[in-house]
Structure formats: structure tokens, C-alpha cells
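Shown next as C-alpha cells:
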């Protein structure tokens, strides 16, 4: 922006300037060579101006005389005197009278020119004059003073002008921090250039100013990185990649404003031109995260030309498809926030801002309404005060106290009507003219407020809520709704941990979080002792026993260890503890998980009976929510919005939320399960793969047997629902099937040697609990690093007991051709009629001495688990054949709706419950299982994901076994029911006891050739060659022979 210049004022002759105000002021005395006389004249002028305002300045012609004196090259005293007079006015508190004419009269430009005066006294006086003026002027005049300073810092030919301008800039940072912070987008680029100035003094001053200006950035997320950001501006080559690395691991939750962007954008813009793809990708992630926290397109518009073209260029040139997707996402977010649907943001129309002329018109209207005559539109004070008001309006600052600071200027225009009342009316008129239409109406429903707060929330590297409002009334039951990953459970946890800004403290409002699970570390504690040892419970032993009895805990069950309780009973124990806590706010995260129908109905009635307690409920059980809640809190687009009424009423108002309520798969949201490989000897889908015959089981710590005489089978066509009340043995049965435990009360379990089972436990997270600091990619690389499933290796069915080790030792002696040998390892397997035989190595003998022994003989000798180990390895070799590489793993998880961003770049600790379950599902199905076994899959997946899972299971080519209380889920999928009652199995439905292997043959389908990809993951277009018929091949052969006879060259490829 050019320096402030003004048309040369008509300067009167010195003789005519010897006017006198009140018989005292001689303006010429301000510029005489005697310093004492100058100071006295300046003091007298300040005294008069303080009383009479701008009129006194105009009457004596001070500004014209000062401009002429500053231009007098022959008299250093006159130049110094002019600057000293401005200092005197500022120190006497008369700045307001000088402000209206300071810039337009040319005085400001003349003083800036004086920064390079050859005489040190005059030079210092000029700098001090502008500094003092900046310190005492109205802070909203900062935007009027700054352009000239920045222009000089950037373009001045004399270094003294630059250092002087930097001194004044430092003063503005100190005296008008709020207003200067708003102008940081203009300041930072200029200072970033100045720090490379050739003059050491300018370089040093610019760095000092940059540090001070950056301190105005109030964003809590990047406050600690400000020194690193400044270093990156000073030394970009070395520091930019490091600083981007620091920022990419930062979670942004605070609102991102102009000062923050002004500091970040130079770094991000530079980062886009770095060589490394990883750096460009990180820049895109930062841009995407920060853009989501910008509240207005006005904030981001100035920065679009610096970011959007660079991102678009990177998207078209980057080789890695995953990184390209991340960049595309950042571009989409930036376009949405900046309201730029197309183009690169370099030719945007200027933003609409309030003009001083508009404010002058509204001021005239205010005066007329007060019955006074409107001020002249050409009056210098009117023009100046309108500029200040325009700056306030553009900052959307309608605080009455700020506008009252304009009253002194209004008093210069006209002492009546009362300037304060005029200023008050002016702010009201300006605010209504530029009102915000998007203001959400306040929730003014009757009732006691338990909480009314505004806060932001993030989890890991993900922004969940940005300046969201939460208002809770006593006695209401709120259903917290939103897609997986919007932050429902995180919000509940944050409330419990006191991380929600403005939420009442535990002393004011008792808040209790009902946990999913009881901690495994207390597995041996009795139920009664567990409640009594909780310091938060406000009840004596008698009340505790009665409450436990009221939710179904008999005296005998109260003495049981927690570890022996089923999932349903553990949830009832958590609910009983919550009842005894006597909370003002109950936070229930999936309270119906593990509960059977009877207990869900009991919970509904209990919650409805609470009149003084407020509940916040997260649940995927739509029937339970619909019957229970009074209001819905909808988490969407980083905000919380309240809707009155139950779930049905909410769906009517927000139709797209229907997926919370019905099990209908969305078109754009599907799961895809990998098809299982063929099994040897299994020609039809009805052939049984796993059988149980008369199996019994009892936990060692329990006096009563859990399972009796269980007989069943599973095939590729099985679609089984395992139903039964809490504690009936459903999960125990499945653990026997999958090999988590072994039968100990008789019976036999047979599995096809190559059978692979994909199992997701009731408490799904236990699969990943010890790996939360790994990314899903790292977890998969760990779990399948050997080609085998390390989780499978740790199951009870794979652990060799002391008795089994002894049996193996006894059976290891093998006599071959009269020679005694000791069996060492089983190393390979091959087909032998209807069974297999295994290659066995012997201790102290070379591999050339290995022999093949039939399966049955090895099992008789006690090597069953060693045989099982080889079977598993072979099953995985036959079925896996999948490269354990990033692209393949990301593609696999994408089939479960998990974006590559979460798979490769976020640790699992930073993911939501729903996202973790998708990881568990993905990990369980990586080996392409023949049977998928899901224990309570409805516990952690939202309705949308459940619907997608049902659709995927319907078309799955393998068997499905599901334990669930969710009728929608079981009825829409299962054709067979195993009803568990007191440890006995009653089976019904399709093919449950003895499938004869009937049904259509499984023929290997001739699939299309797989797509090929280069090392970066980009798809390679391969031209498919048509297969020639035998006639066409004969014809080509004849042509080649004829060409050869003619002496033409025939290449080897053609022969």
C-alpha cells in the first residue's frame, strides 16, 4: 500500500501565522531556534487545544505550519520543533483534537519522512512524535496508521525510515493489541521480508518486531510453537520441515482466526514446495484440520491465493495416490470454508466491507432522529469518526463501551444532543444493519439449568466439536446422536474427566459415567465388596444389598466374583453402582449392551422414573432410545444442536438421521467381507466344517457346570443366531468353538484341518487393548508378521499343558527300520487319502532323515497341538496369499468404511469406539475366514454400520455365527437359532444337526484379472491380449514360414 500522501495544503506566509488564540498562542514560536521558547509555545498550544479541541488547531493553522516547518531543510530547529509540538499535544492528552487532521493534512507523511533526517535530534523527535501519537490515539485508528508504516518498511530507500516505522509498529502492538492482531495478515508478510534486509539494524529491528507481533496470536493450540514458526520464517530451508512435523502431530481445537492464519500460512505455503511427499501430505492434513475451525469465509479469504494454487498443483503432480487423496480432501475443505467452488482463489472479488460513507449516513440519521441537524458530510471530524466506526463494524464489534469511546469526537461535531446517547444509538443502528442471521435462538424452556456452557473438543488428531453449546435441564433425558466418530463417547468421557470448559464442577453437580465394562483387575472381588469399596457411593451396606437385589442380584450372586459374571450381569452391576451414587447427571454409554429384553425394559422404566436426575444416553438401540428420551442432542458438523421430543420426532425434523433409527444400509456406506478360499474335500456349502458332540464345560472357579451335552455343527451355509438370557453360556460356547478354551467335561470337537475362523469377542476392544499406541497398520504388521495370526497362537487350544507335554515326551520315541529316534518337530503336511500325513524331523538327525507319519498316529502319540499348528500354518498359506503391505491393508480396511488417514497415520488410542470395532473386524477377517463368529456385534456399531454389516454378511460366501440380543439384527440375517438355556442348547432351523453335504457344488469362478499397481499404488493400465483360436494360430504359423522362405527376418518372439 502506498505511503499516505496528501495534496499540498495551501501554506500561509509566516507573517500571517503569527495569529493569537486568546491572546497567547504564537505558532511561529513553535519553530524558533531557542528550545526553551519552543517548549513554552508547545505547552501553551497543548493547553488551549485541550480545552477547545480541533477548532483551536484549525484557528491557528497548526497542521499547515507544522508540515511547512518539517519540510524546511535549512532549519533543523523548525523540524525538531514541529515534531516536539506533536509530542506535547500527545502528552497533554490532546491527541483526540489532532487525530481528525493528522493523516489527511500531510502531517503524518511529513513526520515519517523526518525519520531519515540527517540531524539526530530532528530524526529522534519525528520518531517520538509518531510513537507518542500511536500510543495515545484511539486504538481503532490502527488500521488507518498501519498501511503507511508497512509501505515504508517494504519500500523505503533509507534504512532509518524502516527502523523508525518498526518502532511505531511495536508501539501499536503494545497499545492496540486487539486491533493490530486483526491486521496480522498484512503485517507478517512485510516483516518476513524485512528480516532479510541487507542493513543489520533493520534486520535486527524486524526480528524483534516479528517476535512481538507474533505474541498477539492467542490460539492456544499453536502458542507453544510460535518460536518455532518464527525460526521457520527466519531460516526456512532447515526449519520448515521440522516445524511442519511438529504441527502435524498437534490437535487443533481452538477457533482459528486471522492472526493464527497469518503466522501459519507462510510456513504452509513454503511446505507445499518442499521435495518430500510426506511433508506435502502433512501440510494438507494441517490445512484440512485448521480450515474446519475457521468460523467465517472472511477470515480465510485473504489466504486462499497463497494456499489453494499450491495445493492444486501438488494434487496434479504428486505420485502417491493416498497422499493425493489427502490433498484433495484439504482442497475440498478450503473451498467449502472460503466459499470458492471453483478456480484457484487468485481472482476473487473483494469482500464486502462497511465504508466510512455508509457510517456517515447512519450517523446523520441518528442526529435527525434526535431532532438535531445532521453534521456536514465534508467535516473532517465527521469523516474521521465514521472511519473509526467502519473499523468497529468490520470487526463485528458492537460493544457499547467501545462505541462510547467515539463520544469525544462527536462532541467536537456538536455538543448537543448528548454525544454519549448519540454513540449509543449509533451502535444499535449499526449492529441491526449488519446483524447475524445465523444466530441460533436460545433455549428458553422452563426448568432448572444444570449446565449452560460453550466449549471445543478433540480426540487424538481429530476435531470433534468447535465452540459447541451444551445446555442441560434437570430431569430431562437426552439422547446423544451422531455418526460413528463424531465424538459421542468422547464427549461423555470429557464431561466425566472435567475437560469440558464451563461444565459445573463435581461439587456443584454430581456426574456419574456408567462404564461399558468392569475393570478386569478386580476380577476376584465379590460383587458386594466391589460396590462397598467404591468411595463415590453414598449408601450404607443395607442400602447397597437392597439396591443390588432390586436389579436381580440374589444373596448368592452378590457373593460371586466379578470375573465370573457375564457381560449382561456386569452391565447391571455398573447400573446398580450408578443408582447408589445418587447423581444429578447420569452419563450412560450404550447401557443396553449385553442386556437381554427383560433387563432393557427394566432399565427403561428406571430411567423414566428419575424426576430429579438428568440422563445423557448414547445408544444404538433405537427402540430403547425412542421410549426413554425427552430430547435429542445431535452432534453434527462440530456443533451440538438440541431437538425436543423422542427419536421419532427427531427423525421427522432431520430425515437424514434415519440411519440412527432403521437398519437400512446407506448407498454410499457399505462393508465388504473377503470371500473364503476353497477347502480340500469340501465340494458343497452344506458340508460340515466344525462339529461338537456331547461337549461339556465348567469354569475351574465355579461350583456349577456351565455347558451340558452340546451337539452342533457349522458349514459354509450356516447363518446362526445364538440367543439366550444373560449368563446362559452363549459366549462360553463360542469360545469353545473358536479354541479360546478347551472342553473339560467330556465330548469331542472336530474341525476341518484348514478351517479359518474370524472371531470378534464380546468385549471387542480386548483384541487391541495392548496395542493402542500403534496405528492400525502397525498393529496388522505386528499381528501377521510371521504369516500366522499371533493372536491365534496365544489361544488356550494352542498352549501345551504339562500333561500334554508329558504325553508328547512319552510318544516321541519312534522306531524306524529297527532304529530308535526321538521326534523333534513337525515341519510339513501332504494329502493322504481322506486325511493327511506329516513330515517329521528327529533330534540329532539331518533333514534327509525326515519321514512322513499319518495324522492319526501323531495324534495318538500326543502331538495333536503340534499337528494343529501345522494345519493352521497351511490353512493360512492356502487362504492368505495377501501381501502384508500398506496399500493392501488400507484397501482391506476401506472395505469396512475406515479411511486410510486413520489406518496409517493415527494411533488407535485416538480413534472412537466405532472406528476401533472396524479395526477389530478388519483384523479378524484379514485371513479370509471360512466362518465369521461375532459375539454381541451390536454393542459398539451404530445403526448405519450395523446395516452395512448385515448386508455384507448376507452376501458372504462363508458361515456366520452371531450372538446378539438385537432382534432386528438376528431376524434380518439368520435362518438357524441356537437357544441357550441354563447350559443346554436347543437348536432349530436350517440344517442344524447332520448336514449330509447336499447342495450345489462350489465351483471356482473365473474372476477377472486383478488390477496391477506400481510401487506408489497407482493403477497400471494393461491391455488385455485376445486369446487366439487354434485355427488362427495355424494361419499365423504358415505366414511366418512363408516369410522365412522369402528371406524376411522372423524374430524369436514370433517363432
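Residue numbers (the UniProt record's numbering): 1 to 1055. C-beta: ideal position from N, C-alpha, C; glycine also. Keep in mind it's a predicted model, so treat the numbers as computed, not measured.
Nearest to residue 810 by CA position, among 326, 860, 267 and 422, is which residue?
In the chain shown, the residue the question calls residue 810 occupies position 810. Closest by alpha carbon: 860.
Given a cut-off of 8 Å on the beta-carbon distance, is the pair residue 209 and residue 191 in contact?
For the purposes of this step, residue 209 is taken as the residue at position 209 of the chain shown. For the purposes of this step, residue 191 is taken as the residue at position 191 of the chain shown. Yes, the Cβ-Cβ distance between residue 209 and residue 191 is below 8 Å.
Let's test the definition: count the other Cβ atoms within 10 Å of the Cβ of residue 1048 and tell me whether it reaches 16, buried, or not, exposed.
One-based indexing of the chain shown puts residue 1048 at position 1048. Residue 1048 should be labelled exposed.
In angstroms with no decimal places, state the Cα-to-Cα distance between residue 941 and residue 386.
Along the chain shown, read from residue 1 onward, the residue named residue 941 stands at position 941. Along the chain shown, read from residue 1 onward, the residue named residue 386 stands at position 386. Rounded to whole angstroms, residue 941 to residue 386 spans 58 Å at the Cα level.
Paired residues, beta bridge with residue 633 - DSSP
Indexing the chain shown from 1 puts residue 633 at position 633. In the DSSP assignment, residue 633 is bridged to 480 and 642.
Which stretch, first to last residue, makes up the alpha helix (DSSP H) that contains residue 264?
Within the chain shown, residue 264 is the residue found at index 264, counting from 1. First-last of the alpha helix (DSSP H) with residue 264: 258-271.
Which word fits residue 1037, buried or exposed, when buried means at least 16 other C-beta atoms lie within 10 angstroms of its C-beta?
To locate residue 1037, count along the chain shown from 1; it is residue 1037. The residue is exposed, with fewer than 16 neighbouring Cβ atoms inside 10 Å.
From what residue to what residue does the beta strand (DSSP E) around residue 1071 run?
Residue 1071 falls outside the range modelled here, since the chain spans only 1 to 1055, and no answer is possible.
Here's the rule: buried if 16 or more other CB atoms are within 10 angstroms of the residue's CB, otherwise exposed. What is residue 1041?
Stepping through the chain shown from its first residue, residue 1041 is reached at position 1041. Exposed is the label assigned to residue 1041, since fewer than 16 other Cβ atoms lie within 10 Å of its Cβ.
Can you give me the C-alpha to C-alpha distance between residue 819 and residue 870, rounded to a whole angstrom?
Residue 819 sits at position 819 when you count from the first residue of the chain shown. Residue 870 sits at position 870 when you count from the first residue of the chain shown. Taking the straight line from one Cα to the other gives about 26 Å.
What is the DSSP secondary structure of residue 326, counted as helix, strand or coil?
For this step, residue 326 is matched to residue 326 along the chain shown. In the structure shown, residue 326 sits in a helix (DSSP, three-state: H, G or I).
So who's on the other strand from residue 513, going by DSSP bridges?
As a first step, residue 513 is located in the chain shown; it is residue number 513 there, counting from the start. DSSP output for residue 513 lists 587 as bridge partner(s).
One question on the structure: do residue 826 and residue 863 come within less than 8 Å of each other, judged by their Cβ atoms?
Taking the chain shown and counting its residues from 1, one reaches residue 826 at position 826. Taking the chain shown and counting its residues from 1, one reaches residue 863 at position 863. Against a cut-off of 8 Å, the Cβ pair of residue 863 and residue 826 comes out as a contact.
Output needed for residue 528: all residues of its chain with C-beta closer than 6 Å, excluding positions within five of it in sequence on either side, in chain order.
Within the chain shown, residue 528 is the residue found at index 528, counting from 1. 558.
Curious, which full-length beta strand (DSSP E) runs of at least 3 residues does the region 535-599 contain?
585-589
Check whether the region 421-430 touches the region 346-366, counting contact only when three or more Cβ pairs, one atom from each stretch, lie closer than 8 Å.
yes
For residue 892, count the other beta carbons within 10 Å of its own beta carbon; 16 or more makes it buried, fewer makes it exposed. Which is it?
By 1-based counting over the chain shown, the position of residue 892 is 892. With 16 or more Cβ atoms within 10 Å of its Cβ, residue 892 is classed as buried.
May I ask you to list the residues that DSSP assigns as paired with residue 155?
Along the chain shown, read from residue 1 onward, the residue named residue 155 stands at position 155. DSSP, once it has assigned bridges, lists no residue as partnering residue 155.
Enumerated in chain order, which unbroken segments of the beta strand (DSSP E) with a length of 3 residues or greater are wholly contained in the region 849-922?
851-854
Is the CB-CB distance between residue 628 and residue 604 below 8 Å?
Looking up residue 628 in the chain shown gives position 628. Looking up residue 604 in the chain shown gives position 604. Yes. Within cutoff.
Is there contact between the region 478-491 and the region 631-648, where contact requires at least three CB pairs shorter than 8 Å?
Three or more Cβ pairs closer than 8 Å define a contact, and the region 478-491 meets that threshold against the region 631-648.
Go to residue 974, then tell me how far its alpha helix (DSSP H) extends in each direction, as first and last residue.
Locating residue 974 in the chain shown gives position 974, counting from the first residue. Residue 974 -> no alpha helix (DSSP H), and no H or E assigned at all.
Taking C-alpha atoms, which residue in 137, 228 and 866 lies nearest to residue 247?
The residue you call residue 247 lines up with position 247 of the chain shown. Answer by Cα proximity: 228.
Is the region 648-658 touching the region 497-516 in the sense that three or more CB pairs, one from each, lie closer than 8 Å?
no
Identify every residue that forms a DSSP beta bridge with residue 813.
One-based indexing of the chain shown puts residue 813 at position 813. According to DSSP, residue 813 bridges with 822.
Could you tell me if residue 68 is buried or exposed, where buried requires 16 or more neighbouring beta carbons within 10 angstroms of its beta carbon?
If you number the chain shown from 1, residue 68 lands on position 68. By the Cβ neighbour-count rule, residue 68 is buried, with 16 or more other Cβ atoms within 10 Å of its own.
Just curious, the beta strand (DSSP E) that residue 367 is in, first and last residue?
If you number the chain shown from 1, residue 367 lands on position 367. First-last for residue 367: 356-369, but that is the alpha helix (DSSP H), not the beta strand (DSSP E).
Option nearest residue 340 by Cα separation, candidates 313, 324 and 302:
The residue labelled residue 340 in the question sits at position 340 within the chain shown. Of 313, 324 and 302, the residue nearest in Cα terms is 302.
Count the CB pairs spanning the region 581-593 and the region 612-623 that are closer than 8 Å, and state whether there are at least three.
yes
State the start and end residues of the unbroken beta strand (DSSP E) segment that holds residue 721.
As a working note, residue 721 is residue 721 in the chain shown. Unbroken beta strand (DSSP E) run through residue 721: 719-723.
Measuring only the C-alpha atoms, how far is residue 290 from residue 575?
The residue you call residue 290 lines up with position 290 of the chain shown. The residue you call residue 575 lines up with position 575 of the chain shown. Near 40 Å, if we compare the C-alpha coordinates of residue 575 and residue 290.
Where residue 35 sits in the DSSP three-state scheme:
For the purposes of this step, residue 35 is taken as residue 35 along the chain shown, with counting starting at 1. In the structure shown, residue 35 sits in a helix (DSSP, three-state: H, G or I).
Going along the chain, which unbroken runs of the alpha helix (DSSP H) with 4 or more residues stay wholly within the region 144-208?
159-175, 177-182 and 184-194
Suppose only complete runs of 4+ residues qualify. What are the alpha helix (DSSP H) ranges in the region 110-146, listed by chain order?
120-136
How should residue 223 be labelled, buried or exposed, when 16 other C-beta atoms within 10 angstroms of its C-beta is the threshold for buried?
As a working mapping, residue 223 is identified with position 223 in the chain shown. By the neighbour-count rule (16 or more Cβ atoms within 10 Å), residue 223 is not buried but exposed.
Can we say the region 324-336 touches the region 276-294, given the rule of at least three CB pairs closer than 8 Å?
yes
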